[in-house]
Structures are given as structure tokens and as C-alpha cells.
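Going by the numbering used here, the residue at position 601 of the sequence shown is 654; the numbering climbs one at a time, nothing skipped.
Here a beta-carbon is modelled for each residue, glycine too, at the ideal position from N, C-alpha and C.
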Amino acid sequence: MLSYQLQSNCFQNHPIRAPYQIILSFNFWRIDYWNYDDFYVYLDYHKMYSSQFSHTTSNQNICGSSVYNEEIFPMSITIPHTIPAITVIFGVKKGIWGISQMILEAKLCPEDCQSCSENQCFDQYLYFFTLNWENVVNSSEGWLTNNVIQTSVITYLQARYLETYGNHLINEIKLNQHQAISLQVKVLVYNSNPTQINIAIDDIIVSTIQYTGGWINYPNGFGYKSIKIFNIHQYPHIHSQAKITISLILSKNNPSLLLFFAIRDFQLFLKSSLFEFICKDDNLVPFDGCFSQMFDCIEGCSNCIRGTCLDCKTGWEYNELEKICIPICGDSLITHFEECDDGNNVPYDGCHLCKYSCPHNCKTCQFGNCLECNVNYSLSLNKKQCLPFCDDTINFFFEIFDDQTQIDRNLKCQKSCQLECKLCINNTCYQCNGWQLQNNQCHQICGDGLIAINSIELCDDGNFNEIDGCYQCLFECIPYCFFCSDKNTCLQCQEFFTLVDNSCIPICGDGIVINSLEDCEDGNNLPCDGCYQCKLSCIQNCEVCQLGGCEKCNLGYQINDNFCEKVVEEEIQNQDQFCGDGIIQNNESCDDFNSINLDGCSSTCKVENQWNSIAILKHHINYFI
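Below, the structure written as C-alpha cells:
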């Protein structure tokens with residue numbers, strides 16, 4: 054589509070069945086001279102895109118004049134849309150332009166759903182639909198203006214509308230039993246500004262739009278027109294008849310043009326009572342779309358509408374044609390119809406095609422595990438394999454020839470070598486895989502410096518020294534480690550220990566004292582209670598403590614049941630005072646906090662001869678300061 058007009062609009066009308074979303078994609082061609090001119094897109098008269106373009110932004114000449122360069126802009130517009138038709142308008146005010154590869158994609162409601170949104174199907178069905186693409190309007194459709202049936206049809210932008218030169222249209226519609234009604238209608242207004250549109254149900258206004266401007270001026274006699282869409286969802290209503298009134302307050306915009314309005318795409322939906330949506334499939338099988346006369350989802354379905362599946366759960370594949378969910382075999386998820394799912398398609402491994410299967414050479418099995426093998430075969434420890442059993446009591450998995458080709462594990466024993474054999478020729482082993490070759494047999498020898506494959510050896514450092522990381526061909530774990538993958542990596546600690554930075558440390562707070570690693574365990578993490586972080590600590594207000602027990606409290610506190618309690622002033626005054634407590638009493642001339650003689654203050658708190666009592670008193674005071 055190409056336009057050379059300086060001011061032009063191109064339009065197209067498209068019918069759609071039960072949509073909920075519209076996606077418009079196209080290529081916009083800006084051709085030759087553009088000086089930041091506008092290009093716009095309208096969908097049902099609502100501007101959805103507008104932008105300015107210039108010829109100076111491109112350096113490629115595609116078509117048109119060689120003086121100016123062109124550009125092609127891929128564009129996409131997505132909008133919610135529930136009306137069964139849409140008008141697309143492209144327009145510019147100036148410039149040469151074009152549209153190519155236009156695709157209008159409608160997201161439709163599911164097949165059994167007549168009204169929906171992007172996320173759900175509405176519990177309603179289409180009861181009355183009129184004024185779509187017919188050339189004439191049947192008088193039985195019943196649209197009245199001033200009690201006169203209106204049947205005049207106007208064609209506008211390839212769409213037909215029921216027009217009236219009055220200011221209202223009324224229709225009384227008989228209804229089936231219902232709980233609520235929904236309606237949609239498109240209203241075309243010609244040459245009116247400002248405008249008010251009212252929608253009434255049973256003479257009660259349920260929706261109003263007031264606007265000024267908002268029209269598009271079409272050349273060649275189209276005039277000034279605007280379109281408004283009404284969508285009233287599930288208005289409560291139970292009467293057997295509904296009176297629908299569309300009324301307008303019009304103001305003529307151009308005196309030389311006619312004034313009228315028109316409607317199209319009128320739809321009325323009924324929300325039915327519960328009994329209208331019951332089902333009957335003559336069985337009591339659940340998850341088949343109908344159970345106990347109520348719609349339900351089929352097995353594996355995550356989203357369904359009235360028994361019809363729209364999407365499947367994880368582990369199921371959606372069959373669009375049959376609207377069913379099929380289990381995905383091989384995804385390691387066991388669904389309803391699968392006995393097992395081991396994530397592969399290997400036969401004889403206990404599960405094949407999501408059904409239990411017997412391992413090869415198994416005589417009796419149950420749930421994929423072998424219970425009894427055929428003659429000359431023994432059962433593996435995990436009950437998943439039957440291994441050939443030979444006279445020398447050695448089990449063989451396969452034979453390796455000099456060309457390294459693995460053959461069927463069912464070969465006779467006399468034609469096989471041990472699994473540990475690396476080079477086997479004609480039933481004779483010439484080289485072992487980490488094992489010692491003795492008399493053409495592979496033997497495990499701990500201390501040979503080789504790790505014997507498929508044996509109990511995890512390491513082999515060639516010696517029998519302890520505490521070097523490998524002892525008796527087993528890893529030596531770090532202290533207090535229960536299980537390790539090598540000498541430096543602990544996987545699980547012993548009981549009462551926890552793994553922190555690849556070290557096993559005691560669990561502090563579990564009430565268990567680990568000798569030499571923990572001093573105490575009081576079951577909490579409180580400081581100053583005698584035990585903190587599993588180490589002995591002094592209690593609060595304790596001056597001297599030993600092994601968590603307080604021997605002397607701070608001044609002003611006394612020991613009571615291993616706690617330092619504050620002594621109140623009255624108790625201090627009432628305590629028995631004694632020599633050596635550092636307090637000079639009435640019967641003491643000194644008190645130096647001890648009972649040592651010849652230090653100036655005797656053991657009886659008397660000033661000794663040749664000592665200055667003043668100096669002693671000062672010394673006593675300074676001692677406390």
C-alpha cells in the first residue's frame with residue numbers, strides 16, 4: 054500500500070470471531086522528503102501510535118527520488134480487544150509513505166468459550182448479536198427511535214452501521230433465565246462536539262462517556278466522525294426482559310453538515326444459572342472432563358474451560374487437535390499413566406518406555422527389580438542386573454579384545470576376561486587396570502602404588518604409614534570426620550560435630566561436652582553466665598573466678614549460690630566488720646587490707662611504732678583511688 058497524498062488516511066475493516074487481544078504488525082516505509090512529519094496509527098479510532106520521521110536519519114536509497122534516502126521501520130502494536138471487528142487507520146499529515154507485510158493477528162477465545170480475557174473464560178454465553186456485516190437490518194431486531202423501527206444502514210469505512218437522526222435507540226430484548234448480562238456496542242458519532250453518550254439498562258444509566266474533540270477529519274466528504282466502544286461486564290440482572298437504551302446529547306460542530314449517530318457490533322451475553330453448566334457423560338470416571346455432572350479438567354490438564362483443556366501440567370504434552378494431555382516419557386517425571394520414568398530409552402534397565410521391565414537374563418522380576426536370575430547368572434547387589442557366573446566364581450560384565458571392542462555380556466565365561474583386565478586376548482589377560490597381573494589374573498594388592506579399579510581401594514600411596522592421608526588404601530579423613538572423598542575434603546562429620554570451612558568442630562549449644570575441645574555446655578549462648586561459647590567464663594560482677602566458679606565478687610557484691618548479688622546499703626552497715634577488710638572502724642587506727650605485721654599497720658589494725666599514721670592513712674586512701 055503506497056500513498057503520495059500530502060494529507061492522507063488509509064483504512065481497513067476486519068471481522069474477528071470472539072477475540073480478546075489484537076496484534077498488528079507491519080513495515081512502515083518512509084519515502085523521500087520528510088521533515089519530522091507525523092505518522093500515526095488508529096485502532097477503532099483510538100490513537101495507538103504516533104511518531105515523527107525525517108529523511109536525514111538514513112543513508113540508503115531504496116525507492117522514490119534519488120535525492121532523498123528511505124527507511125523501513127518494522128512495527129508491532131498489541132491491544133486488548135473484544136469487539137468482533139476492528140478498523141485500522143494509518144495516516145500522515147505530509148509525506149510519501151507506504152505499508153507492507155501487514156499482519157493482523159487475533160488472539161481468540163477457546164473453541165468452547167464465547168467471551169474471555171487473556172487470563173480466563175467468562176461464565177457467560179452470547180445470546181443476542183446484531184448489526185455486524187448485513188446489508189439490511191431486519192425490523193424484528195427491534196431498534197426504535199421515538200417508537201419508530203429503525204432500519205436505515207450507512208456504510209462507513211467499509212463497515213455498515215444502523216443510523217438514526219434522533220438522539221436515542223431503544224431495544225427491548227426477551228431473555229432466558231440468567232443471573233447477569235454483559236453487552237458490547239460500537240457507537241459512531243457524526244459532526245458533534247462536545248458529545249455525551251449514555252448506556253442504560255431498564256432505564257438505569259450504567260455507563261457514560263463525555264468527550265470534546267477526539268474525531269478524525271476525512272477528506273472527500275467523509276466529514277468529522279468519532280467512534281466509542283462500550284463494554285459492560287456482567288451487570289446483575291434476573292428479569293425476563295431487558296430494555297437497552299443508547300442515548301446521546303449532541304452539539305452540532307459544523308452547521309453545514311448533518312448531525313446523527315449510528316451503532317454496530319451489538320452483542321449481549323447472559324451469565325447463566327449453575328444448572329445450565331452441568332454436564333453428563335454417563336460414567337463416574339474422574340478427570341475425563343465431567344465428573345458428578347460437573348465440568349472438570351482431564352488428567353494432566355492445568356487449565357480448562359467447561360471440560361476442554363487449554364494447557365497441560367509439567368511432564369505432559371498438549372495435543373492441540375484432540376485437546377488432551379499426553380505424558381512425556383523420558384523426562385524423569387512419573388505421571389498418572391506411567392509406571393516409571395528413568396529419563397532414558399535403554400531397554401533391560403528396569404524401566405523401558407515408562408513401563409517396568411525385567412533386566413536382561415532375569416527369570417522373575419517385580420517393579421523393575423530382579424528377584425531371580427536365569428541359570429548360570431547371579432543377581433547384582435542392587436537387583437538391577439543378572440551377571441554371568443562362572444566356575445571360577447568370577448563375575449564378568451564384558452570382554453575386551455585387542456581392538457578394544459566390547460562384546461555382548463552374554464558370551465560364555467570361557468571366552469571372557471575379568472572386568473579389571475585392560476588387555477584380553479583369547480581368554481588370556483595380559484594387562485590389568487590398576488591391579489597386579491599374576492598368572493594372567495588380576496589381583497588387588499594394597500601398597501603397590503596403583504589404585505585397583507572396581508575394588509575397595511580409594512587410594513594407594515605405596516606405604517602403610519598412618520596419618521599421611523592414605524592408610525590401608527583408604528582415605529584418612531580430617532579429625533572428627535565420618536566420611537570423606539579424599540584426605541582434604543570431608544563430606545560428613547561425626548556425631549555432635551558440624552562441618553565449617555572443611556573442618557569438623559563441636560556443636561556448641563547441644564548440651565554435649567566434647568573433652569579437650571569444649572570446657573562447658575550450658576545449652577545457650579549467653580555471656581557472663583559461667584559458660585560462653587563453650588568456654589568457661591566469669592559470671593557477671595565477679596572479680597576472681599576459677600573453672601567457671603566465682604571465688605570473689607566485686608566490691609559491693611557478695612556470693613550467693615555462685616552468683617554475685619549486689620549488697621544493699623543497710624546490709625553493708627549491718628555486716629560484721631573485721632580487721633583487714635580495708636575499712637577503718639572506730640576501734641581501729643589503721644586497716645591496710647591485710648594481717649601482716651611490720652608494714653606500718655599491725656595484724657590488729659594498730660599503728661606500729663616509728664610509723665607515721667598520717668602517711669599510713671594517705672597510703673590507705675591512695676590505695677583505693
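How should residue i be labelled, buried or exposed, when 16 other C-beta atoms within 10 angstroms of its C-beta is the threshold for buried?
i: S304; result: exposed
i: P137; result: buried
i: P441; result: buried
i: L77; result: buried
i: G576; result: exposed
i: Q263; result: exposed
i: H134; result: buried
i: P380; result: buried
i: Y483; result: exposed
i: Q438; result: buried
i: F536; result: exposed
i: S235; result: buried
i: P308; result: exposed
i: F328; result: Model confidence at F328 stands at a pLDDT of 43, short of 50, so the residue's coordinates are unreliable and nothing is read from them.
i: N244; result: buried
i: K278; result: buried
For residue i, I'd like the list of residues in its chain whose CB is within less than 7 angstroms of its CB, leaving aside the five on either flank, ordered along the chain.
i: E641; result: C632, C658
i: E510; result: Q497, C499, I504, C526
i: Q105; result: Y89, D90, D91
i: E618; result: Y610, Q611
i: N122; result: H108, S111, N112, Q113, N114
i: C382; result: E391, D394, L406, C407
i: Y533; result: C546, Q547, F550, C557
i: L374; result: none
i: E425; result: K416, T417
i: K475; result: Q484, C485, N486
i: Y430; result: N414, C439, L440, P441, F442
So, for residue i: in the same chain, excluding its five sequence neighbours on each side, which residues have a beta-carbon less than 6 angstroms away from its beta-carbon?
i: I226; result: F181, A295
i: Y214; result: I207, L241, A315, R317
i: P247; result: T265, S304
i: T183; result: E194, F319
i: F81; result: F126, M128
i: D255; result: K296
i: Q249; result: Q263, I302
i: G583; result: I592, G601
i: C166; result: C174, I358
Looking at C-alpha atoms only, which residue of the options is the closest neighbour of residue i?
i: A253; options: L301, N229, Y209; result: L301
i: Q177; options: F322, N251, M101; result: F322
i: E571; options: Q586, K408, D582; result: Q586
i: V238; options: N199, K281, T261; result: K281
i: I139; options: C116, H99, S431; result: H99
i: L179; options: C357, S168, N172; result: S168
i: Y73; options: G576, S170, D85; result: S170
i: E124; options: S118, I130, N114; result: N114
i: W369; options: G360, I358, I351; result: I351
i: Y409; options: C382, N479, G421, N492; result: G421
i: C174; options: D582, I506, C573, R359; result: R359
i: D513; options: C439, Y524, L432, Y93; result: Y524
i: G117; options: I132, S245, D85, N516; result: D85
i: Y95; options: K376, I132, R83, A71; result: I132
i: L222; options: N244, G403, Q638, W196; result: W196
i: I258; options: V399, T298, N555, C573; result: T298
i: K160; options: N199, I152, I75, I149; result: I75
i: Y209; options: K146, V141, E158; result: V141
Which residues in the same chain as residue i place their Cβ atom closer than 8 angstroms to its Cβ, once the five residues preceding and following it in sequence are excluded?
i: S260; result: N251, I252, F283, I285
i: N578; result: C561, G562, Y585, Q586
i: S325; result: D176, Q177, Y178, N229, Q230, H231, Q232
i: N397; result: G383
Inter-stretch contact (C-beta, 8 angstroms, three-pair minimum) for the stretch 587-597 and the stretch 606-614: In short, these stretches touch, since the Cβ pair count reaches three.
Segment contact, 8 angstroms Cβ cut-off, at least three pairs: the stretch 311-318 with the stretch 216-226: Flag = yes, the stretch 311-318 and the stretch 216-226 touch.
Cβ contact check for the stretch 97-112 and the stretch 74-89: 3 or more pairs under 8 angstroms: They touch, by the three-pair rule.
Complete beta strand (DSSP E) runs within the stretch 455-542 (minimum length 3 residues, chain order): Listed in chain order, they are 474-478, 481-485, 489-491, 494-496, 534-539.
Every unbroken beta strand (DSSP E) within the stretch 122-147, with a cutoff of 3 residues, ordered by chain: Annotation: the stretch 122-147 contains the following complete segments of the beta strand (DSSP E) (minimum length 3 residues), in chain order: 124-133, 138-145.
The stretch 381-396 / the stretch 195-205 touching (three or more Cβ pairs under 8 angstroms): Verdict: no, contact absent.
Complete runs of the beta strand (DSSP E) confined to the stretch 555-642 [at least 3 residues]: Counting only runs of 3 or more, we get 556-559, 595-599, 602-606, 610-613, 616-619.
Start-end ranges of the beta strand (DSSP E) lying completely within the stretch 233-289, minimum 3 residues: Within the stretch 233-289, the complete beta strand (DSSP E) runs of at least 3 residues fall at 233-243, 245-254, 257-264, 269-271, 276-289.
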